[in-house]
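See below for the structure under consideration.
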Amino acid sequence: MVMAKVLIVEDDPLMSRMYQKIFSFEKYEVEVAADGEEGLTKATSSNPTIILLDVMMPKMNGLQVLEKLKADANTKNIPVIMLTNLAGQQDAESALSKGAVKYIVKSEHDPKEITNMVKEIIAGYTRNEVPGAALS
Amino acid sequence: MTSQKENLHSIRLRLVLLLVFGTLALVTYFLLVTIMDHHQEQTLFQSRLSSKVAIFNSTVKNDSTQLRTFAYDYTYWDDMVNFVKSDGRDTNFAEENLAPGLTTFGADAIWIYNPSHQLIYSTGDSDISYIDLRTVTPIDASQMGTLFAHNGVYHYYTKVNAGVFEIYAASIHPSADAERKTPASGYFFVGRLLDKGYLAILNQSIEGSTQVLSGPGVKLDTGYDIENGKISFGQQLSDYRGEPLAVLSAEYTAADLRNVLSSQDKVTVAGISILTLLTLGLMVLLLRWVISPMNKVRQALTQSDERPIHNLMSRQDEFGSIARLVSQSFSQQKLLVSQRQTVEREVAERTSQLQIEQRTLATLLDNLPVGVFVAKAPGGEPTIINKVGVKLLGRDINHSIKWHDYSEYYDIIKEDGSSYPPEDLPLSISLHQHKRVLKDDVVILQPDGKHRSLRVISSPIILADGKVQQAVAVFEDISKEQELERTRDEFFSIASHELRTPLTAIRGNTSLIQQYYQDLLKDPDLHEIVDDIHDSSIRLIGIVNDFLDTSRLEQKHMKFQLAPLDITELAKSVVEEFQVTGSRQKTLLEVKQESQPLPKIMADSNRTRQVLINLLGNALKFTDHGSITISFELTDGFVKTKITDSGQGMSAEAQTLLFRKFEQTGATVLTRDSVRGTGLGLYISKLIVEQMGGHIKLESSTPGVGTVFSFILPVAPPGIHSDSQ
Numbered sequence: 002m003v004m005a006k007v008l009i010v011e012d013d014p015l016m017s018r019m020y021q022k023i024f025s026f027e028k029y030e031v032e033v034a035a036d037g038e039e040g041l042t043k044a045t046s047s048n049p050t051i052i053l054l055d056v057m058m059p060k061m062n063g064l065q066v067l068e069k070l071k072a073d074a075n076t077k078n079i080p081v082i083m084l085t086n087l088a089g090q091q092d093a094e095s096a097l098s099k100g101a102v103k104y105i106v107k108s109e110h111d112p113k114e115i116t117n118m119v120k121e122i123i124a125g126y127t128r129n130e131v132p133g134a135a136l137s
Numbered sequence: 051m052t053s054q055k056e057n058l059h060s061i062r063l064r065l066v067l068l069l070v071f072g073t074l075a076l077v078t079y080f081l082l083v084t085i086m087d088h089h090q091e092q093t094l095f096q097s098r099l100s101s102k103v104a105i106f107n108s109t110v111k112n113d114s115t116q117l118r119t120f121a122y123d124y125t126y127w128d129d130m131v132n133f134v135k136s137d138g139r140d141t142n143f144a145e146e147n148l149a150p151g152l153t154t155f156g157a158d159a160i161w162i163y164n165p166s167h168q169l170i171y172s173t174g175d176s177d178i179s180y181i182d183l184r185t186v187t188p189i190d191a192s193q194m195g196t197l198f199a200h201n202g203v204y205h206y207y208t209k210v211n212a213g214v215f216e217i218y219a220a221s222i223h224p225s226a227d228a229e230r231k232t233p234a235s236g237y238f239f240v241g242r243l244l245d246k247g248y249l250a251i252l253n254q255s256i257e258g259s260t261q262v263l264s265g266p267g268v269k270l271d272t273g274y275d276i277e278n279g280k281i282s283f284g285q286q287l288s289d290y291r292g293e294p295l296a297v298l299s300a301e302y303t304a305a306d307l308r309n310v311l312s313s314q315d316k317v318t319v320a321g322i323s324i325l326t327l328l329t330l331g332l333m334v335l336l337l338r339w340v341i342s343p344m345n346k347v348r349q350a351l352t353q354s355d356e357r358p359i360h361n362l363m364s365r366q367d368e369f370g371s372i373a374r375l376v377s378q379s380f381s382q383q384k385l386l387v388s389q390r391q392t393v394e395r396e397v398a399e400r401t402s403q404l405q406i407e408q409r410t411l412a413t414l415l416d417n418l419p420v421g422v423f424v425a426k427a428p429g430g431e432p433t434i435i436n437k438v439g440v441k442l443l444g445r446d447i448n449h450s451i452k453w454h455d456y457s458e459y460y461d462i463i464k465e466d467g468s469s470y471p472p473e474d475l476p477l478s479i480s481l482h483q484h485k486r487v488l489k490d491d492v493v494i495l496q497p498d499g500k501h502r503s504l505r506v507i508s509s510p511i512i513l514a515d516g517k518v519q520q521a522v523a524v525f526e527d528i529s530k531e532q533e534l535e536r537t538r539d540e541f542f543s544i545a546s547h548e549l550r551t552p553l554t555a556i557r558g559n560t561s562l563i564q565q566y567y568q569d570l571l572k573d574p575d576l577h578e579i580v581d582d583i584h585d586s587s588i589r590l591i592g593i594v595n596d597f598l599d600t601s602r603l604e605q606k607h608m609k610f611q612l613a614p615l616d617i618t619e620l621a622k623s624v625v626e627e628f629q630v631t632g633s634r635q636k637t638l639l640e641v642k643q644e645s646q647p648l649p650k651i652m653a654d655s656n657r658t659r660q661v662l663i664n665l666l667g668n669a670l671k672f673t674d675h676g677s678i679t680i681s682f683e684l685t686d687g688f689v690k691t692k693i694t695d696s697g698q699g700m701s702a703e704a705q706t707l708l709f710r711k712f713e714q715t716g717a718t719v720l721t722r723d724s725v726r727g728t729g730l731g732l733y734i735s736k737l738i739v740e741q742m743g744g745h746i747k748l749e750s751s752t753p754g755v756g757t758v759f760s761f762i763l764p765v766a767p768p769g770i771h772s773d774s775q
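Residue numbers (my numbering), protein chains in the order written: chain E, 2 to 137; chain Z, 51 to 775.
Following this line, the structure appears as structure tokens:
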């Protein structure tokens with residue numbers, strides 16, 4: 002089986018390191034970006050299987066990155082999971098309407114649960130059948 | 051007033067004139083009667099005069115006729131011619147014929163003259179023997195020629211010392227000469243003295259008195275004197291030349307006429323007198339009864355003074371009644387005046403009181419730190435606005451606008467910039483639905499484009515009869531408050547982010563240790579320490595979440611995505627989650643399926659789930675064994691969800707503290723540790739349910755038996771689908 006590649010776009014080094022670890026432990030290939038711009042660049046250059054995208058970030062926030070990803074034909078089929086610290090409902094709504102597959106409040110889940118969710122999403126959908134595309 | 055006065059005068063004048071005219075008419079009537087009486091008197095006297103004159107003249111003529119016959123018979127007698135020729139010496143003839151002739155014809159004296167005018171014989175009645183007939187002759191001898199210028203018989207009167215004689219003188223002729231053509235053979239005179247005997251005969255005939263009057267200036271007086279009833283008449287006696295000599299005057303007193311007429315006159319005079327007296331009396335009475343009281347009444351009315359009519363009031367007539375009425379009206383007038391004064395005083399007092407109240411109110415209003423706006427029902431025309439109100443609304447009062455003009459006139463908008471529907475403005479709701487309303491979403495768009503947020507409390511002013519006359523809106527600027535709120539919200543957002551990031555890192559990393567480094571955690575103490583750190587981080591995250599939820603719910607910033615929701619399905623999925631995590635416990639969790647399908651409710655799925663989790667969590671916490679049942683029932687447009695447990699229950703004291711902020715079933719802070727949590731769970735659930743239009747409550751709780759909580763949420767209206775958004 003081809004190793005799935007996860008792109009983690011997260012500005013907080015604490016969180017970034019934690020997600021790097023768990024996905025490494027779970028045998029994923031991991032790419033990391035520290036802000037929105039870098040995330041957008043890496044999404045194009047490294048061609049990830051799935052993207053974990055933080056909402057609050059410097060330079061470009063997660064929702065803006067999501068919009069660009071979904072606007073680009075090369076990246077629009079990559080499933081995106083939004084990660085956030087805010088429990089605000091509107092953010093989730095707008096993220097889902099912009100094509101995110103899932104919206105995860107970081108504090109509510111242990112890292113293992115997040116890898117399980119990623120696994121389910123990758124198993125459930127092929128690259129060409131991302132529900133986010135249908136939503137947009 | 052003057053015209054009234056004139057009218058009254060004219061009535062008095064007219065009354066007097068009426069009296070005068072009446073009197074005049076009556077006087078005229080009496081005068082006419084008097085004149086007619088007088089005329090009648092004249093007629094009566096005249097006729098009486100005529101009859102008496104006729105009797106008188108006839109008597110005189112009868113007497114005279116005898117005498118005349120005597121003179122005629124004796125003067126164409128041959129014996130007489132012879133007697134004269136004998137110069138009166140034939141004594142036989144004289145004694146046989148002449149002397150008896152005196153008695154036969156009623157004469158008093160006889161004189162015989164010869165043709166040469168010499169007295170040859172005279173004789174007289176014994177009655178006049180005192181007269182010497184030789185010296186007392188019927189005519190002076192020298193005048194004989196004048197008398198007898200022609201032969202014939204002449205009649206005249208002559209005056210002598212003894213009195214007046216009536217004389218018949220005739221020339222003497224032979225009996226053959228009946229026409230006295232021959233020269234007179236002598237002259238024969240017969241006379242009668244108009245003496246007492248003669249007059250007595252006349253007196254008898256006329257029932258009056260007669261007398262012979264002679265002398266200078268004596269005239270025949272024919273006429274009557276009505277006054278004393280005397281009627282005068284008579285005959286003029288002429289001498290041989292036809293000259294007036296004396297008057298045979300007669301007088302008669304018509305006593306009968308006089309008496310009748312004088313009584314008639316008395317009646318007339320008495321009538322006039324009585325009439326005059328009556329008129330005068332009437333005038334006096336009229337003055338006393340009508341004009342004087344009328345004047346008094348007028349005076350009283352003119353001066354508005356009761357004194358002039360004071361004496362009138364005791365009278366029982368019409369003026370007494372009028373006086374009493376006037377007096378009554380005066381007292382009523384006085385009463386009215388005093389009442390009016392009282393009313394005016396009261397009005398003045400009330401007015402000043404009102405002014406004070408108005409000033410107080412105005413000052414109060416202007417010094418209030420909030421805006422006040424009062425408008426009339428139902429049109430909404432503004433009546434009062436205070437200074438702060440003008441400042442906050444940016445415009446002064448305009449009495450001509452109505453409620454539907456408010457939004458446009460004052461640039462009232464919603465927070466999103468759209469125009470505020472006038473019917474939704476608090477004041478409009480108070481005016482039309484008579485409700486007290488609080489709204490804090492009213493925004494005034496200021497000329498510089500900035501927003502001023504207002505909190506408005508509006509109430510209808512309801513009068514005693516239940517009618518709404520006005521409505522008052524009190525409002526304050528909450529822009530700063532809202533900014534503060536925004537700042538606080540931002541603070542909470544940042545705090546939550548900043549707090550939760552490290553907490554999440556702790557939770558995640560301890561979880562990594564627990565899951566991937568189990569071989570390093572063989573020391574049970576270390577294992578327990580890592581577990582405690584992990585659990586603490588989860589609790590801290592929960593606390594932070596509770597605080598954030600509380601803050602948002604209290605600020606009403608929690609957004610609810612209301613959509614039709616199947617509460618049974620939701621409950622089932624929550625129970626499933628609990629059965630995964632709470633499987634350690636020996637408590638049976640079940641959802642009681644209703645036989646009839648329940649209608650969907652209108653609610654936010656995630657928030658309803660949060661309430662269910664909270665209630666179930668609580669139930670699990672306090673239930674060591676037995677069961678927890680979720681059941682549903684449909685009640686009047688709402689679906690009631692009941693969570694029944696067989697747990698330890700709560701004391702009555704503990705029950706009163708439910709749903710309150712930071713309160714938990716533990717009685718003191720020290721006993722809190724028996725259960726975990728912030729104590730905000732029920733409070734948050736209450737706010738969530740209420741903000742979705744429902745209600746949450748404790749149905750019952752009995753220590754040792756169990757507790758029943760329930761919440762109701764409205765049934766979704768038909769036609770709304772879950773995917774409608």
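The beta carbon of each residue, even a glycine, is placed where N, CA and C say it ideally should be.
By DSSP's assignment, Z/V758 forms a beta bridge with Z/T694 and Z/S750. When DSSP assignments are scanned along the stretch 245 to 277 of chain Z, the uninterrupted stretches of alpha helix (DSSP H) that are 4 or more residues long and fall wholly within it turn out to be 246 to 256.
DSSP places Z/D654 in no alpha helix (DSSP H); its state is neither H nor E. When CB distances to chain Z are screened at a threshold of 9 Å, the residues of the stretch 14 to 26 of chain E falling below it are L15, M16, R18, M19, Y20, K22, I23 and F26, in chain order. The beta carbon of Z/S546 falls within 8 Å of a beta carbon belonging to chain E, placing the residue at that interface. Among the bridge pairs identified by DSSP, Z/P294 is matched with Z/S288.
Sorting E/I122, E/Y20, E/M4 and E/G37 by C-alpha distance to the C-alpha of E/M58 places E/G37 at the top. In the DSSP assignment, E/E11 falls outside any beta strand (DSSP E) and carries neither an H nor an E.
Contact of Z/Y566 with chain E is assigned, a C-beta pair being separated by under 8 Å.
Z/I322 sits close to Z/F80, with the two beta carbons spaced by under 8 Å. Under the DSSP definition of a beta bridge, Z/T173 partners with Z/I160.
Beta-bridge analysis with DSSP links Z/T637 to Z/G676. Among the CB atoms of chain Z, none fall inside 8 Å of the CB of E/S98.
Against chain E, a Cβ distance below 7 Å from Z/A555 picks out L15, M16 and M19. A contact between stretches requires three or more CB pairs, one per stretch, nearer than 8 Å, and the stretch 84 to 97 of chain Z fails this requirement with the stretch 184 to 204 of chain Z.
The C-alpha of Z/P510 lies about 15 Å from the C-alpha of Z/F525. Scanning Z/S282, Z/L335 and Z/G267 for the CA closest to the CA of Z/S101 turns up Z/S282. Listed along the chain, the chain E residues whose CB falls inside 7 Å of the CB of Z/N559 are M19. Counting the other Cβ atoms within 10 Å of the Cβ of Z/Q408 gives fewer than 16, which makes it exposed.
Considering only beta carbons, the part of the stretch 571 to 592 of chain Z lying closer than 7 Å to chain E consists of I591, in chain order. Across the stretch 99 to 128 of chain E, CB contacts with chain Z closer than 7 Å involve K107, S108, D111, P112 and K113, in sequence order along the chain. DSSP places E/A101 outside both helix and strand once states are collapsed to three, so it counts as coil.
Positions of the beta strand (DSSP E) runs, each at least 3 residues long and wholly inside the stretch 479 to 512 of chain Z, are given as 487 to 495 and 501 to 512 in order along the chain. Among the CB atoms of chain E, one or more fall inside 8 Å of the CB of Z/T551. A direct Cα-Cα distance of roughly 19 Å separates Z/T410 from Z/V440. Any Cβ of chain E closer than 8 Å to the Cβ of Z/L534 would place that residue at the interface, and such an atom is absent. Counted as a single uninterrupted DSSP element, the alpha helix (DSSP H) harbouring Z/Y460 occupies residues Y456 to Y460.
Contacts between Z/L562 and chain E, judged by CB atoms closer than 9 Å, involve M19, K22, I23, F26, D111, P112 and K113 in chain order. Closest option to Z/I693, judged by alpha-carbon separation, among Z/P165, Z/I435 and Z/V661: Z/V661. Your pair Z/I494 and Z/L418 does not check out as a contact, with CB atoms roughly 18 Å apart and the cut at 8 Å. For Z/L252, the number of other beta carbons within 10 angstroms of its own is at least 16, and it is reported as buried.
Residue state for Z/P432 is assigned as strand, using DSSP reduced to three classes.
Not one beta carbon of chain Z lies nearer than 8 Å to the beta carbon of E/N78. In this structure, DSSP gives Z/E526 an extended state, which the three-state scheme calls strand.
Of the other Cβ atoms in all chains shown, 16 or more fall within 10 Å of the Cβ of Z/Y470; this residue is therefore buried. E/N86 has a beta carbon lying within less than 8 Å of a beta carbon in chain Z.
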